[in-house]
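Have a look at the structure below before the remarks.
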Amino acid sequence: MIILKDGSSTTNLKGLPASAPLILSALEKSKIRYEYNDLKELSFEVKMRDRIIENSRWLNNSAATFSAFAASSFNPYYWIKTMNGYRLRPGRRPSAAIKDVFENPYLYSFECVTTVVLLYYKSILDTIRTEYFDRLYSPMHIWGHNYNEAMHMETYEGVDNIPGDVHYFYNPDYGDPIWMGENAVYLGPDQYFGHGIGIVTRDKMIEALNTLRKINATKSAYLLNQTTRLNFSELYKYS
Numbered sequence: 000m001i002i003l004k005d006g007s008s009t010t011n012l013k014g015l016p017a018s019a020p021l022i023l024s025a026l027e028k029s030k031i032r033y034e035y036n037d038l039k040e041l042s043f044e045v046k047m048r049d050r051i052i053e054n055s056r057w058l059n060n061s062a063a064t065f066s067a068f069a070a071s072s073f074n075p076y077y078w079i080k081t082m083n084g085y086r087l088r089p090g091r092r093p094s095a096a097i098k099d100v101f102e103n104p105y106l107y108s109f110e111c112v113t114t115v116v117l118l119y120y121k122s123i124l125d126t127i128r129t130e131y132f133d134r135l136y137s138p139m140h141i142w143g144h145n146y147n148e149a150m151h152m153e154t155y156e157g158v159d160n161i162p163g164d165v166h167y168f169y170n171p172d173y174g175d176p177i178w179m180g181e182n183a184v185y186l187g188p189d190q191y192f193g194h195g196i197g198i199v200t201r202d203k204m205i206e207a208l209n210t211l212r213k214i215n216a217t218k219s220a221y222l223l224n225q226t227t228r229l230n231f232s233e234l235y236k237y238s
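Each residue of the sequence shown is one higher than the one before, starting from 0 at the first, in numbering that gives the first Met the number 0.
So, in structure tokens, the structure goes:
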């Protein structure tokens, strides 16, 4: 449920994106208490969740490809490939580098955890001031679980199905380690975006992962009981 500490009402929210009713409905129907100081803080979260959803849809339709680290690529104008990820070149701004992923996606190839990190960076950039973003996320180093702590990405037990959350489909009998599972953005009722698979239903995501198991596999992929999301209240401080 939504708790507004100043006693205001969500009916007074204005200037929200098209996905706002879906997000607000999910927050309101939840058994978890989502507390906000005021409408501005709630509006900030709704807008950032919308950007996560829209950036996911955009990336799904882009020329960015899926690959393990060995075959991965980032635009060398902005990024230096290291032993464990991509480091932003000296003199390049984090905001410009993140925008480049979405402006020149054909130069990029990465796996699903990195996809989530890039989506979160871009959605934060879309929502806070550019100068704050550059200050918060410099230096920048990206791959897998390498990301700046100021992103405030957190993982919780339980699945609450709030659009913009990230869920994990685990594939215990994987063949190639890159298909051990899929980090998927929850877009709305039974819609998930997983880089390398696409926008599909829960059953189709499991079905796709089951085709990527080892020979004679016996265990099906399944949705883990966990949720990854940004700590929106911390990020709101930079809005």
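We treat Cβ as the ideally placed atom computed from N, Cα and C, and that holds for glycine.
How far does the beta strand (DSSP E) with residue i in it extend, from its first residue to its last?
{"i": "A149", "result": "Segment: none, A149 is in no beta strand (DSSP E) and carries neither H nor E."}
{"i": "I2", "result": "I1 to L3"}
{"i": "L87", "result": "G84 to L87"}
{"i": "I198", "result": "G197 to V199"}
{"i": "K80", "result": "W78 to T81"}
{"i": "E34", "result": "Y33 to Y35"}
By the 10 Å Cβ neighbour count, where 16 or more other Cβ atoms means buried, how is residue i classified, buried or exposed?
{"i": "I22", "result": "buried"}
{"i": "E44", "result": "buried"}
{"i": "N54", "result": "buried"}
{"i": "M47", "result": "buried"}
{"i": "D49", "result": "buried"}
{"i": "L163", "result": "One point to set straight first is that residue 163 is Gly, not Leu, in the sequence displayed. By the neighbour-count rule (16 or more Cβ atoms within 10 Å), G163 is buried."}
{"i": "M0", "result": "exposed"}
{"i": "I2", "result": "exposed"}
{"i": "I200", "result": "A quick correction: the sequence has Thr, not Ile, at residue 200. Counting Cβ neighbours within 10 Å, T200 comes out exposed, since fewer than 16 surround it."}
{"i": "M82", "result": "exposed"}
Could you give the residue range of the alpha helix (DSSP H) that holds residue i?
{"i": "S192", "result": "The question names Ser, but residue 192 is Phe in the sequence shown. It is not in any alpha helix (DSSP H) - F192 instead sits in the beta strand (DSSP E) that spans Q190 to G193."}
{"i": "L234", "result": "F231 to Y235"}
{"i": "R48", "result": "L38 to N59"}
{"i": "I22", "result": "A19 to K28"}
{"i": "K98", "result": "P93 to E102"}
Output yes or no for whether 9 Å exceeds the beta carbon distance between residue i and residue j.
{"i": "Y235", "j": "L135", "result": "no"}
{"i": "H194", "j": "F68", "result": "no"}
{"i": "T227", "j": "V165", "result": "yes"}
{"i": "Y120", "j": "I97", "result": "yes"}
{"i": "L223", "j": "Y185", "result": "no"}
{"i": "S137", "j": "R92", "result": "yes"}
{"i": "G84", "j": "N145", "result": "yes"}
{"i": "I161", "j": "L58", "result": "no"}
{"i": "F73", "j": "F132", "result": "no"}
{"i": "I196", "j": "A216", "result": "no"}
{"i": "V116", "j": "Q225", "result": "no"}
{"i": "Q38", "j": "S7", "result": "Strictly speaking, residue 38 in this sequence is Leu, with Gln absent from that position. Cβ atoms of L38 and S7: closer than 9 Å."}
{"i": "T9", "j": "L41", "result": "yes"}
{"i": "Y173", "j": "L208", "result": "yes"}
Step through the CB atoms of chain C and report whether any lies within less than 9 Å of the CB of residue i.
{"i": "K218", "result": "Although the question refers to chain C, the structure presented lacks it and comprises just one protein chain."}
Length-filtered (3 minimum) beta strand (DSSP E) runs lying within the stretch 115-187:
152-156, 165-169 and 180-187
Does the count of Cβ pairs from the stretch 177-185 and the stretch 203-214 closer than 8 Å reach three?
Short answer: they touch.
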